[in-house]
Amino acid sequence: MDVREATHRVLDAADEQFYERGIQAVGMDAIRSRSGVSLKRLYQCFPSKDHIVAAYLRRRDERWREELAEYVRQHGGSGRHAVLAVFDWLSEWFRRPEFRGCAFVNSFGELGGVSPVVAEAARAHKKAVGDYLRELTGSLDVSDPDGLAAQLAVLVEGAIVMAAVTGDLDAARTGRACAEAAIATAAR
């Protein structure tokens with residue numbers, strides 16, 4: 014098995030295990046066992062667990078944001094519909110059997126105070142999501158697109174947390190209704 018395949022397998026195993034069980038609960042041996050990669054090859058790819066955690070969070074960020082943006086492109090069109098499609102995608106995501114909330118909120122809650130790698134990754138993800146929402150609100154005819162994007166970011170985060178913590182799978186629909194009201198209020 015070459016380094017590229019081993020790296021991919023390790024990250025797949027880490028993604029599944031970290032997201033389901035938490036970062037601290039998963040050791041290198043569990044990742045090695047789940048990935049089928051020898052311990053020697055694993056350490057050739059990732060010198061430490063921190064390196065795996067950083068790569069896991071980077072990859073999860075990219076995949077999550079790409080999937081969201083693709084959904085919005087396919088289902089949202091532009092303007093107001095694109096913004097609201099964000100909440101439609103969240104609604105679909107919440108209903109997946111593997112949904113465990115936001116990997117970045119989870120990892121930050123678990124390790125953000127002691128792991129600069131985790132704290133930085135969580136902050137970078139939230140900034141990137143906020144930037145994407147600002148991009149979407151920039152096409153709206155509203156008086157304060159940045160302010161609206163900030164409100165939407167809070168609605169997105171709130172919906173994710175409510176769905177994960179309470180099991181309210183309709184939290185995205187509630188967030189969508191609030192987003193519609195916020196857009197209407199912000200309209201010039």
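With the working numbering applied, the sequence shown corresponds to residues 14 to 201, in that order.
The beta-carbon is built from N, C-alpha and C at its ideal position, and this holds for glycine as well.
Values in this document were obtained by computation on a predicted structure and should not be read as measured data.
Asked	Found
Distance check for VAL130 and GLU123, CA to CA, integer angstroms please.	12 Å
With a threshold of 7 Å on Cβ separation, who are the neighbours of GLY49 within its own chain once the five nearest residues in sequence on each side are excluded?	ARG22
In the DSSP assignment, the alpha helix (DSSP H) including ASP101 goes from what residue to what residue?	92-107
Roughly how many whole angstroms lie between the Cα atoms of ALA132 and PHE112?	22 Å
Terminal residues of the continuous alpha helix (DSSP H) containing CYS58?	52-58
Contact check, ALA199 vs VAL155 under 8 Å by CB: the rounded distance?	4 Å
Would you kindly work out how many angstroms separate the C-alpha atoms of THR20 and ILE196, rounded to a whole number?	43 Å
Classify HIS138 as buried or exposed, calling it buried when 16 or more other Cβ atoms lie within 10 Å of its own Cβ.	buried
If we count the other Cβ atoms within 10 Å of its Cβ and call it buried at 16 or more, is ALA38 buried or exposed?	exposed
Spatial neighbours of LEU103 within its chain, please: C-beta separation below 6 Å, excluding the five flanking residues on both sides.	ALA172 and ALA185
With 16 other CB atoms within 10 Å as the buried threshold, where does LEU161 fall?	buried
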